[in-house]
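Undergrad:
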Amino acid sequence: MPFYIARQAPKLWRKICTETTIEISLVAENWKLLIAGIVFQYLHGLAAHGIHYLHRPGPTLQDAGFFLLPELGQDRAFISETSFTFIFASFCAVLIWCRVLAYLVACQILRIFTFYSTHLPGPNYHCHEGSKLARLPHPKSAIELLVINFSRGVNYGCGDLIFSSHMIFTIVFVRTYHKYGTNRCSKQFAWLLAVAQSFLIVASHKHYTVDVVVAWYTVNLVTFFIDKKLPDLPERPTGLTSLPPLPQSRDWDSKTKEEHLILLTGVTVDTAG
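Going by our numbering, the sequence shown opens with residue 27, and the numbers climb by one from there.
Structure follows, in structure tokens:
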């Protein structure tokens, strides 16, 4: 096994270098889309920051998930965030950001409209009555309102509930890998991670069960619609003749092999001979 790994290391390094070059070229060609997507991530954070000012702590709503799943509690709340961080970091190796940002922006716009429509009491421990973090003091200046501590917002935000932002990222990433990845076992494992993440979010009381359930069907419907309306969204530079360095299985059947030989630009590669 060590000999096999040592033999494959140069190939893996070449693939990493090739993918890095491709991504730099993609960013150079579509930098406006990338910047727009990043700017909207700030606007989404700003909206979540704003709803925290409006949050009113109250009794935790009756929830089926809270009844069925044991609560992780403050001491084990990190388990949910660790799982999400692993999913997020893993996807960074598969940068298909133009389409991914289109998915994220569409879902987050719906999310902002939803959690501003009805303000629900946060179920997390720091959102309960009596907690100093349950409500933010009114901003004293525009700078205080517009400057966001993203880390604090992710871990201690209240009010931005329906639907779960963690599940938006998770489902978008897993769906994208399912579409462009090449290893069947890895795809199945990714979906299992997404399901596990759903249970962890509820068990940690970061969201109500409805927030997770709505995310599952909303994100899938949004991504399906975007794929239908934007089939030609650029993914890789035209003329690319090599496959992206995603994990590949050795034993392909003919149908799976044909699917895997379709480049991200939609061009089928003829490998005969």
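We put the CB at the ideal spot given by N, CA and C, even for glycine.
Relative to the C-alpha of residue 114, which residue among 154, 199 and 215 is closest?
TA: 199
Undergrad: Between the Cα of residue 183 and the Cα atoms of 103, 254, 81 and 60, which residue gives the shortest distance?
TA: 81
Undergrad: For the 8 Å Cβ check, are there 3 or more pairs between the region 124-141 and the region 150-160?
TA: no
Undergrad: So, with DSSP's three-state summary, where would you put residue 144?
TA: coil
Undergrad: Shortest alpha-carbon distance to residue 89 belongs to which of 237, 254, 244 and 255?
TA: 237
Undergrad: Take the Cβ of residue 166 as the centre, count every other Cβ of all protein chains shown within 10 Å, and call the residue buried at 16 or more, exposed below.
TA: Counting every other CB atom within 10 Å of its CB across the protein chains shown gives residue 166 a total below 16, marking it as exposed.
Undergrad: Determine the DSSP secondary structure at residue 86, reduced to helix, strand or coil.
TA: coil
Undergrad: Beta-carbon within less than 8 Å of residue 39's beta-carbon, same chain only, minus the 5 sequence neighbours each way: which residues are those?
TA: none
Undergrad: Need the endpoints of the alpha helix (DSSP H) that residue 202 sits in, please.
TA: 191-206
Undergrad: Are the region 131-147 and the region 199-219 touching by the rule of at least three beta carbon pairs closer than 8 Å?
TA: no
Undergrad: Reducing DSSP to helix, strand and coil, say where residue 167 ends up.
TA: Correct three-state label for residue 167: coil.
Undergrad: Can you look up residue 254 in the DSSP assignment and give me helix, strand or coil?
TA: helix
Undergrad: Verify whether the separation of the beta carbon atoms of residue 100 and residue 151 is less than 9 Å.
TA: Result yes, Cβ atoms of residue 100 and residue 151 sit closer than 9 Å.
Undergrad: Between 224, 60 and 57, which has its C-alpha nearest residue 191's C-alpha?
TA: 224
Undergrad: By DSSP, does residue 58 sit in helix, in strand, or in coil?
TA: helix
Undergrad: Starting from residue 155, trace the alpha helix (DSSP H) both ways and give me its first and last residue.
TA: Unbroken run through residue 155: none, as it is neither H nor E.
Undergrad: Can you have a look at residue 169 and say buried or exposed, based on whether 16 or more other CB atoms are within 10 angstroms of its CB?
TA: exposed
Undergrad: Which value, in whole angstroms, describes the spacing of the CA atoms of residue 125 and residue 79?
TA: When the Cα atoms are used, residue 125 and residue 79 turn out to be separated by approximately 32 Å.
Undergrad: Residue 206 to residue 222, Cα distance in whole Å?
TA: 22 Å
Undergrad: With a threshold of 8 Å (Cβ to nearest heavy atom), would residue 100 be considered close to the ligand FAD?
TA: As for the ligand FAD, it is missing from this structure, which has no ligand bound.
Undergrad: Mark residue 51 as exposed unless 16 or more other C-beta atoms lie within 10 angstroms of its C-beta, in which case mark it buried.
TA: It is exposed - the Cβ of residue 51 has fewer than 16 other Cβ atoms within 10 Å.
Undergrad: Measure how close the beta-carbons of residue 228 and residue 188 come, nearest whole angstrom, since I'm counting them as under 8 Å.
TA: With 8 Å as the limit, residue 228 and residue 188 do not qualify as a contact, their Cβ atoms being about 13 Å apart.
Undergrad: So the candidates are 249, 64, 218 and 92; which of them puts its Cα closest to the Cα of residue 149?
TA: 92
Undergrad: Run through DSSP, which three-state label would residue 135 get?
TA: helix
Undergrad: Since residue 153 and residue 245 are thought to touch, with beta carbons under 8 Å apart, how far apart are those beta carbons, to the nearest angstrom?
TA: Wrong, their Cβ atoms sit about 24 Å apart, outside the cutoff.
Undergrad: Take residue 171 as the anchor and find which of 66, 62, 72 and 57 has the nearest alpha-carbon.
TA: 72
Undergrad: Ignore the nearest five residues each way along the sequence and tell me which others in residue 103's own chain have a CB closer than 7 Å to its CB.
TA: 230
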